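Per numbering that gives the first Met the number 0, the sequence shown starts with residue 0, numbered consecutively.
Glycine is no exception: its CB is placed at the ideal position from the N, C-alpha and C atoms.
Please read these numbers as outputs of a predicted model, since none were measured by experiment.
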Amino acid sequence: MCRENSMKQINAAIENLLNALSSAALLDAQSQALAFIQAAFEAEELNQIEKQTLEKKVRRIYRNQLIEESA
0 MCRENSMKQI NAAIENLLNA LSSAALLDAQ SQALAFIQAA FEAEELNQIE KQTLEKKVRR
60 IYRNQLIEES A
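In structure tokens, the structure reads:
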């Protein structure tokens with residue numbers, strides 16, 4: 000798989016995370032995004048810094064979505 004395809008998958012999963020309307024959908028989207036990031040890293044399409052940056056972005060969005068959901 001090429002880097003462009005990996006980034007498209009990761010960005011689509013992040014978009015799903017932003018649009019999740021339930022706890023289950025939020026958890027699924029987070030898991031999917033993190034899995035795509037890990038797969039791209041293992042395929043050496045992302046370096047360690049890119050991986051950590053994307054994981055941090057996913058965690059931040061997840062946390063913000065949880066806060067919005069509970070409000």
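DSSP three-state assignment for E44, whether helix, strand or coil: coil
A28 vs A12 beta-carbon contact at 8 Å: yes
Range covered by the alpha helix (DSSP H) that runs through L20: Looking at the DSSP string, L20 is not in any alpha helix (DSSP H), and its letter there is neither H nor E.
Under 8 Å between C-beta atoms of I9 and A42: No, the Cβ-Cβ distance between I9 and A42 is not below 8 Å.
With 16 other Cβ atoms within 10 Å as the buried cut-off, status of I66: exposed
Residue closest to A34, alpha-carbon to alpha-carbon, out of Q51, N63, L20 and S69: Q51
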